[in-house]
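All remarks here apply to the structure that follows.
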Amino acid sequence: MSYEFLTPAPTALARSPMERQALAAGARLEQRDGWNVAVAYDGEPPERGRCAATAGFADRSHLGKVELQGSHGLPLGQATRRDDAWWCPFTPEKALVLCEPADTATLLERLEGTFPTVVDLTSALAALTISGPLAREVFARFTAIDLRDSATPVEGFRPGSVGRTPGAILREAGESWLMLFGAALGSYMWTVVADAAESLGGGPVGVDALAVANA
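Numbering-wise, the sequence shown is residues 7 to 221 according to the numbering used here.
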């Protein structure tokens, strides 16, 4: 079965469940790979500085999110970087693969037949990255998941409660964590994260500044 129909047409445009909040915060949006993406707020230099000095958070709901059901052999508690994607195990029989949006249809097609069940959850899950030296302090204000180095090293993956809702946190780099949660709670989670970050001197950043800061 081909998954080409999942590749957005030039006229189709997917939107993050947090787009309204991003626009209210001053986001500049660009169309990328069929998505409206918040690429900047007050400019790349101050946003890079935010990630370097306090904490910046960026909407990354445009990432592809593919659930695998069936034995996967991935070590629990740890994400695996493979084929330009993150393979994140929830249980011995369920995992989530995260990829760039342009790669989602190809990934789905490749995984079909390898696992008993393959489900595209891209629109069902939202994602925020929180990055910077105070990122852990931001998380501590709305989750009890232990993000200390000893419990969640780089590439650590921790399912659990975030903002009193089921979710998961992936540590992508030394001071950068990707948080996943239900898309229906996007507005609520934006408010939770924004309040926590702003109380520490942080704020929203675009994906372009985030990419530079984490390079």
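Ideal Cβ placement from N, Cα and C applies to all residues, glycine included.
In this structure, ASP109 sits near ASP90, with a CB-CB distance shorter than 8 Å.
The three-state reading of DSSP puts GLU118 in strand, counting E and B together. Setting aside the 5 residues that flank it on each side, LEU113 is surrounded in the same chain by GLY70, VAL72, ALA91, VAL103, CYS105, each with a C-beta closer than 7 Å to its C-beta; the list follows chain order. For GLY209, the beta-bridge partners assigned by DSSP are GLY62.
GLU118 sits exposed, since fewer than 16 C-beta atoms from the chains shown fall within 10 Å of its C-beta.
Here the stretch 181-196 lies against the stretch 129-138, with 3 or more beta-carbon pairs under 8 Å apart.
For PHE163, the enclosing beta strand (DSSP E) starts and ends at 163-168.
Residue ARG38 holds the alpha-carbon nearest to the alpha-carbon of ALA18 among GLU25, ARG38, MET24. Annotation for PHE187: the continuous beta strand (DSSP E) segment containing it runs 182-188. Residue burial is scored here from C-beta neighbours: THR149 has at least 16 other C-beta atoms within 10 angstroms and is therefore classed as buried.
Beyond the five residues adjoining it in sequence on each side, THR123 comes within less than 6 Å, by CB distance, of GLN75 in the same chain, given in chain order.
Per the Cβ contact rule, the stretch 92-101 is not in contact with the stretch 24-37 (fewer than 3 Cβ pairs under 8 Å). Residue ranges of uninterrupted beta strand (DSSP E) with 3 or more members, entirely inside the stretch 122-150 and ordered along the chain, are 123-126, 131-137. Looking at the DSSP output, VAL72 sits in a beta bridge with VAL103, ASP126. Across the structure, PHE121 and SER77 are spaced so that their CA atoms are roughly 8 Å apart.
In this structure, the straight-line span from the alpha carbon of THR86 to that of GLY49 is close to 33 Å.
By the criterion of a C-beta distance shorter than 8 Å, PRO81 is surrounded in its chain by PRO95, once the five residues flanking it on both sides are discounted. For LEU176, the three-state secondary structure derived from DSSP is strand. The beta carbon of SER67 sits closer than 6 Å to those of SER22, ALA132, ALA133, all from its chain and outside the five residues before and after it, given in chain order. Distance from the CA atom of THR128 to the CA atom of ALA59, rounded to whole angstroms, is 31 Å.
Pairing VAL211 with GLY62 gives a Cβ-Cβ distance under 8 Å. With respect to the 8 Å criterion, VAL45 and ARG56 are not classified as neighbours on the basis of their beta carbons.
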